[in-house]
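Colleague:
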Amino acid sequence: MGYEFNADEIFEIAEQIERNGAMFYRQMAGNFSDIPVRQLFLDLATMEDEHEKVFISMRANLSDKEREPTVFDPEGESALYLKALADLRVFDKKAIEDFVLPEELTEKEKIMKVFHEAINREKDSIVFYLGMKELLPVHLGKNKIDDIIKQEMEHIRLLSNRLMSLPK
Numbered sequence: 001m002g003y004e005f006n007a008d009e010i011f012e013i014a015e016q017i018e019r020n021g022a023m024f025y026r027q028m029a030g031n032f033s034d035i036p037v038r039q040l041f042l043d044l045a046t047m048e049d050e051h052e053k054v055f056i057s058m059r060a061n062l063s064d065k066e067r068e069p070t071v072f073d074p075e076g077e078s079a080l081y082l083k084a085l086a087d088l089r090v091f092d093k094k095a096i097e098d099f100v101l102p103e104e105l106t107e108k109e110k111i112m113k114v115f116h117e118a119i120n121r122e123k124d125s126i127v128f129y130l131g132m133k134e135l136l137p138v139h140l141g142k143n144k145i146d147d148i149i150k151q152e153m154e155h156i157r158l159l160s161n162r163l164m165s166l167p168k
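In the working numbering, the protein residues as written are 1 to 168.
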């Protein structure tokens with residue numbers, strides 16, 4: 001038996017993923033004493049906060065049709081399921097909490113490792129949203145997921161540009 005998500009549920013997942021992403025970047029900022037590097041990760045955390053606000057706004061503007069439940073859920077279990085999906089995918093909350101940079105790495109190696117980790121997590125978010133988009137019927141706001149995907153692609157572009165600009 002399949003589960004069809006509506007646009008409201010997709011945005012709820014997106015909000016949680018963005019909260020987890022902000023937590024990841026703030027945690028990564030704490031790994032560096034270099035002020036510009038710390039600031040970069042704090043800036044990325046702020047971007048995640050802003051994207052969460054965008055998704056909250058997009059969610060608030062959904063039509064009643066886009067909010068219609070797609071399954072009978074009198075106990076509200078779908079909300080718990082969606083939170084678990086967001087916490088266990090993409091910016092995995094437990095993995096973020098457990099992420100440790102090996103002490104033997106140089107500062108530059110640590111920076112590069114975190115950038116690669118962040119880019120991979122952002123790529124995973126795109127894959128996740130593409131998969132979720134396929135679960136959304138067109139009449140329930142499937143096209144709105146493209147906005148989420150564009151936001152995540154912008155994160156990758158920013159991270160990639162910054163990674164490439166690191167001194168060799």
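Cβ atoms here follow ideal geometry from the backbone N, Cα and C, with glycine treated the same way.
1) Along the chain, where does the alpha helix (DSSP H) containing valine 100 start, and where does it finish?
2) Whole angstroms are fine: how far does the CA of asparagine 20 sit from the CA of asparagine 31?
3) Would you check if the distance between the CB atom of glutamate 9 and the CB atom of histidine 51 is smaller than 8 Å?
4) Return yes when the Cβ of glutamate 122 is within less than 8 Å of the Cβ of glutamate 152, no when it is not.
5) So which of Ile119, Gln39, Lys142 has the shortest CA-CA distance to leucine 130?
6) Please look up how many angstroms separate the CB atoms of phenylalanine 41 and alanine 29, rounded, as I've assumed it's under 8 Å.
7) Tell me the DSSP secondary structure of lysine 168 in three-state form.
8) Confirm, please, whether the CB-CB distance from tyrosine 25 to alanine 7 is below 8 Å.
9) Output needed for leucine 163: all residues of its chain with C-beta closer than 8 Å, excluding positions within five of it in sequence on either side, in chain order.
10) What's the call for glutamine 39, buried or exposed, on a 16-neighbour Cβ count within 10 Å?
Modeller: Taking the coordinates as given:
1) Careful: valine 100 lies outside any alpha helix (DSSP H) and carries neither H nor E.
2) Whole-angstrom Cα-Cα distance: 17 Å.
3) no
4) yes
5) Lys142
6) 4 Å
7) coil
8) The answer is no: Cβ separation not under 8 Å.
9) Met112, Phe115, His116, Ile119
10) exposed
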